[in-house]
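Below: one structure, written as structure tokens.
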Amino acid sequence: MSTEDREVTLPIGEKIRVLREGACLTPEQLAKRAGIETEELLRIEKDMISPALGILMRICDGLGVRLGHFFDEGPRKMYSLVRAADGKSSTRFASKSGVDFGQQYYSLGSEKRERVMEPFLITMKAPSDASGKPIEIEQYTSHPGEEFLYVLEGKIQVQIEDQVFILGPGDSIYYDSSVRHRICHHGPGQSRTLTMIYRPRPA
Numbered sequence: 001m002s003t004e005d006r007e008v009t010l011p012i013g014e015k016i017r018v019l020r021e022g023a024c025l026t027p028e029q030l031a032k033r034a035g036i037e038t039e040e041l042l043r044i045e046k047d048m049i050s051p052a053l054g055i056l057m058r059i060c061d062g063l064g065v066r067l068g069h070f071f072d073e074g075p076r077k078m079y080s081l082v083r084a085a086d087g088k089s090s091t092r093f094a095s096k097s098g099v100d101f102g103q104q105y106y107s108l109g110s111e112k113r114e115r116v117m118e119p120f121l122i123t124m125k126a127p128s129d130a131s132g133k134p135i136e137i138e139q140y141t142s143h144p145g146e147e148f149l150y151v152l153e154g155k156i157q158v159q160i161e162d163q164v165f166i167l168g169p170g171d172s173i174y175y176d177s178s179v180r181h182r183i184c185h186h187g188p189g190q191s192r193t194l195t196m197i198y199r200p201r202p203a
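Numbering (this note's numbering) for the sequence shown: 1 to 203.
This is the structure:
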């Protein structure tokens, strides 16, 4: 990032709760729409856990908003141009209890209106609690669409159904995101990926 880059720590659960209440939905109703357990939704809303992007997309579908709603900034245009020298805004999911979920998202399409792809630079490291002790956060997900990941730095672990792949710099994977999958950091240090998420437009 450049010296003018800025990081936004997003209490994403609180934002989901506000949107849910604004839509006059109960936790049970939204959980049913999103295809997740009510208990899981409540833990997300209380910022006790961070949703994987796939889970967040399903919650967005239940709320009737785009995934980009959580990352949009600036005026809506027909294009989104990000130059290397530009300062980028990153979003880090975190909990009120100080848990660091180890993921930062740099949206590369935040100004493109009516987009069906969500391009990100994603930085990952092992999640940790408030004291910095590593913790394990396992979240599998599935959702309509396709995903492409290209590893720029470090290593990641990709699990698709029962298959496990360890990817390093220069490796990539492209898959149907309707199958059960999980993406997480692997090994010491941090990893960076260029990630493209495609969501089909509603019929």
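From the three backbone atoms N, C-alpha and C, an ideal C-beta is built for every residue, glycine too.
Pair within 7 Å by beta-carbon distance, residue i and residue j
i, j, result
"I160", "L167", "no"
"L194", "I173", "no"
"A52", "Q190", "no"
"S80", "E114", "no"
Coil, strand or helix - residue i by DSSP
i, result
"C60", "helix"
"G68", "helix"
"T193", "strand"
"I49", "coil"
"G102", "strand"
Residue burial classification, residue i (beta-carbon count within 10 angstroms, cutoff 16)
i, result
"F165", "exposed"
"D162", "exposed"
"Y106", "buried"
"V158", "buried"
"H181", "buried"
"R6", "For R6, the predicted structure reports a pLDDT of 49, less than 50, and the residue's modelled location is therefore unreliable. The matter cannot be settled from this model."
"C24", "exposed"
"R201", "exposed"
The alpha helix (DSSP H) enclosing residue i, as first and last residue numbers
i, result
"E28", "P27 to A34"
"R20", "I12 to G22"
Delimiting residues of the beta strand (DSSP E) encompassing residue i
i, result
"I205", "Outside the modelled stretch of the chain, which goes from 1 to 203, sits residue 205, for which no answer is possible."
"R182", "H181 to H186"
"E153", "E146 to E153"
"M124", "M117 to K125"
"S178", "Looking at the DSSP string, S178 is not in any beta strand (DSSP E), and its letter there is neither H nor E."
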